[in-house]
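Report on the structure given below.
There are 2 protein chains.
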Amino acid sequence: MEKSFIIILGYNSSLPFYNHHPTSQILSMKNNLFLIDCGEGTQTQLLKTKIKMNKINNIFISHLHGDHYFGLISILSTYQLLRRNSLLTIYAPKGLKEIIEIHIKWSNSNINYPLRFVVLSSIKQKKIYENKNVKIYTIPLKHKIYTNGFLFKEKKNFKRLKIDKIKKIKEIKIKDYRSIQKGYNYIKKNGTIIPNKYLTYNRIKSLSYAFCSDTKYNPEVVKYLKNVDLLYHETTYLHKYKDLANKRGHSTSINAAKIAKKSNTKKLIIGHFSNRFTNKSMFKKEAKKIFKNTIIPKTLVKYYI
Amino acid sequence: MEKSFIIILGYNSSLPFYNHHPTSQILSMKNNLFLIDCGEGTQTQLLKTKIKMNKINNIFISHLHGDHYFGLISILSTYQLLRRNSLLTIYAPKGLKEIIEIHIKWSNSNINYPLRFVVLSSIKQKKIYENKNVKIYTIPLKHKIYTNGFLFKEKKNFKRLKIDKIKKIKEIKIKDYRSIQKGYNYIKKNGTIIPNKYLTYNRIKSLSYAFCSDTKYNPEVVKYLKNVDLLYHETTYLHKYKDLANKRGHSTSINAAKIAKKSNTKKLIIGHFSNRFTNKSMFKKEAKKIFKNTIIPKTLVKYYI
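Chains as they are written, first to last, in this note's numbering: chain E, 12 to 316; chain F, 12 to 316.
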């Protein structure tokens, strides 16, 4: 199973900019593909990766500003043209369903694959997805309109068995393995306890990724981000524009770095830069003063969590 | 004044394709800019030209299939962010206004510049625009949903004056020039008629451009296209798929070439190729059998009419 990673398809803010793309990311976590936000041109960006669009079954939309969702409708149309038949679930604020339906109505077409909308409306954190490997939660953000970030967590990994040690204890059967992988000791028929650590390697740490865009500086969010392995946080403005940032529901480089530091994250990726700043490296320079492991991403590159 | 030209921003059909762009074109006619169709990514393509987006005051949408209009909403948003204040007029079938308004409603934003929708609904040809230099007409097409092509015609050019000849006739004043430029003879005070051709060069021919996408083969359209200087006509399919093309409301390469020939156009540009055909040059090869001056366009290149 490939280690979990993200690919940033775009991290531009709302004004178009030559050769930049609005917000969209692909997260691969325990071999599940999640599409996070979907600015215009997302499907064209996807075509440049090796990601198979048809393997995406869950799309997460943070909020209904165009630079975060205008690319969605063409992806839904493409799925129809490609005769998708598997369920697609879209997690988004109220309104997106109505928008999609209006487009479909006027094009006199249909969506024949199962399409499910999960309407996000709570201002508290909610678990919105769970399968055997991954749990996903909203991160309530403070923006000009109702907005969520998303927290993606790998579930506890099974421990890897020390097969040589296990083979020595003849009475351990294959049906017993799962319990040992979960971390339980093995109790022999004669009552002897074989400690789990004798039978297994150390558990591989479960990873987590948090996506926070768009949001004003809000230290309350830190409680949702504690010890997250990788954090994407928007930095629309350099810090000298902190008042403007706050007024417009956005963060500065210093704001993002403070959130990263307080959250005890390992790595911070910044983006969503306003195009008024031509020298984007200034964002990194500012953020690094507070949080050293800050990067400006390259699009279409895999970042392992 | 620059000679009229088109720039093709994209001519892909509905399925996305690496490094191709869905339908959109810019026409510059007598220094007026007209945007014709607006597939996803149109504004990004525009950024690659020297066209100033803010100089576009009229947008023409052929029909409400996504590959012809999904890029419009982000252009309208960008105009808002750039604080446009001049009138923008959109000529489109019924429905587009509703679609745009739903997007604006849910983003909790506004459009503060004057935005006018001209709803196209006639199945007969209509003149939809006229200024001092240009007239624009719909071209009723036959597609799966209500669709128009567009015919752009330069108005009659003023004749260029032979200044040396005019100077010899002292009584001709500057105020008389416009009448001579229009082609009238000059009548001297003594009653002598000075023939117009003595005072002016031959009139420069007024040019015309026709855009026909999407449409099934329909020879009736020829009456709208007579002697058009440049014709863009869709060719979604190679001719062996003519039945499928017809069923789906599209044309083949041979269909387009026949329309070009019957219309007595000078040049045919083809596009909107289905991505099932990897070798696009086959389209040109087929069309050229019927109509020699056929080209597959390069995007972002100026084609003078």
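Glycine residues also receive a C-beta, built at the ideal position from the N, C-alpha and C atoms.
> Taking the runs of the beta strand (DSSP E) that are 3 residues or longer, which of them lie wholly in the stretch 196-283 of chain E?
Replying inline: 219-223, 241-245, 278-282
> Along the chain, where does the alpha helix (DSSP H) that runs through Phe16 of chain E open and close?
Replying inline: No alpha helix (DSSP H) contains Phe16 of chain E, which is instead part of the beta strand (DSSP E) from 16-21.
> Is there a Cβ from chain F that is less than 8 Å from the Cβ of Leu38 of chain E?
Replying inline: no
> Closer than 8 Å, CB to CB, is Arg245 of chain E near chain F or not?
Replying inline: Per the sequence shown, residue 245 of chain E should be read as Glu rather than Arg. Taking Cβ atoms only, chain F never reaches closer than 8 Å to Glu245 of chain E, which makes this a no.
> Do Tyr140 of chain E and Ile147 of chain E have their C-beta atoms closer together than 8 Å?
Replying inline: yes
>> For the stretch 305-316 of chain E against the stretch 273-281 of chain E, do three or more pairs of beta-carbon atoms, one drawn from each stretch, fall closer than 8 Å, so that the two count as touching?
In response: yes
>> Just to make sure I have the definition right: I need the residues of chain F whose C-beta is within less than 8 Å of the C-beta of Lys59 of chain E. Which are they?
In response: Tyr29
>> Measuring only the C-alpha atoms, how far is Ser217 of chain E from Asn168 of chain E?
In response: 6 Å
>> To the nearest angstrom, how far is the alpha carbon of Leu255 of chain E from that of Thr263 of chain E?
In response: 10 Å
> Beta-carbon of Glu297 of chain E versus every beta-carbon of chain F: anything under 8 Å?
Replying inline: no
>> Strictly below 7 Å CB to CB, what residues from chain F border Ile84 of chain E?
In response: Gly77, Phe81
> Roughly how far, in whole angstroms, is the beta-carbon of Leu92 of chain F from the beta-carbon of Ile111 of chain F, given that I think they are within contact range, below 8 Å?
Replying inline: That pair is no contact at about 16 Å.
> Interface residues of chain E around Gln56 of chain F at Cβ under 7 Å?
Replying inline: Going along chain E, no residue has its Cβ under 7 Å from Gln56 of chain F, so there is no contact; the nearest lies around 10 Å.
> How many Å lie between Thr34 of chain E and Ala221 of chain E at the Cα?
Replying inline: 15 Å
> Are any of the Cβ atoms in chain E nearer than 8 Å to that of Asn119 of chain F?
Replying inline: yes
> Any beta-carbon of chain E closer than 8 Å to the one on Ile113 of chain F?
Replying inline: yes
> I think Asn159 of chain E touches Leu131 of chain E, with their Cβ atoms under 8 Å apart; what is that distance to the nearest whole Å?
Replying inline: 6 Å
> Thinking C-beta only, is Tyr243 of chain F closer than 8 Å to Cys223 of chain F?
Replying inline: yes
> Of the choices F:Asn96, F:Pro104, F:Ala103, F:Lys138, whose alpha-carbon is the least far from that of Asn123 of chain F?
Replying inline: F:Asn96
> Of all the residues that make up the stretch 83-104 of chain F, which are near chain E by a beta-carbon distance shorter than 7 Å?
Replying inline: Ile84, Ser85, Ser88, Thr89, Leu92
> Buried or exposed: which applies to Leu46 of chain E, given that a residue is buried once 16 or more other Cβ atoms fall within 10 Å of its Cβ?
Replying inline: buried
> What number of angstroms, rounded off, separates the C-alpha of Glu13 of chain F from the C-alpha of His154 of chain E?
Replying inline: 47 Å
>> For Leu38 of chain E and Val312 of chain E, what's the separation of their Cα atoms in angstroms?
In response: 12 Å
> Bridge partners of Lys138 of chain E, per DSSP?
Replying inline: E:Tyr148
> Comparing the C-beta of Ile306 of chain F with each C-beta of chain E, is any distance below 8 Å?
Replying inline: no
> Given Lys200 of chain E, which residues of its chain have a CB within under 8 Å of its CB, disregarding the five upstream and five downstream residues?
Replying inline: Glu182
>> Which residues does DSSP list as the beta-bridge partners of Asn43 of chain E?
In response: E:Met40
> What residue does the alpha helix (DSSP H) around Tyr90 of chain F start on, and which one ends it?
Replying inline: 83-92
> How long is the line joining the alpha carbons of Gly202 of chain E and Lys208 of chain E, rounded to whole angstroms?
Replying inline: 18 Å
> What residue does the beta strand (DSSP E) around Phe169 of chain E start on, and which one ends it?
Replying inline: Note, Phe169 of chain E: premise wrong, no beta strand (DSSP E); not H, not E.
>> Please report whether the beta-carbon of Leu26 of chain E lies at a distance below 8 Å from any beta-carbon of chain F.
In response: yes
> Can you give, in chain order, each stretch of the alpha helix (DSSP H) that sits fully within the stretch 45-76 of chain F and has at least 4 residues?
Replying inline: 53-58
>> Does Gly194 of chain F pass the burial test, meaning 16 or more other C-beta atoms within 10 Å, or should it be called exposed?
In response: exposed
>> I want to see whether chain E comes within less than 8 Å of Glu141 of chain F, judged by CB atoms only; does it?
In response: no
> When the cut-off is 8 Å and only beta carbons count, does Gly282 of chain F lie next to chain E?
Replying inline: no
> First and last residue of the beta strand (DSSP E) that includes Ile156 of chain F?
Replying inline: Per DSSP, Ile156 of chain F belongs to no beta strand (DSSP E) and is neither H nor E.
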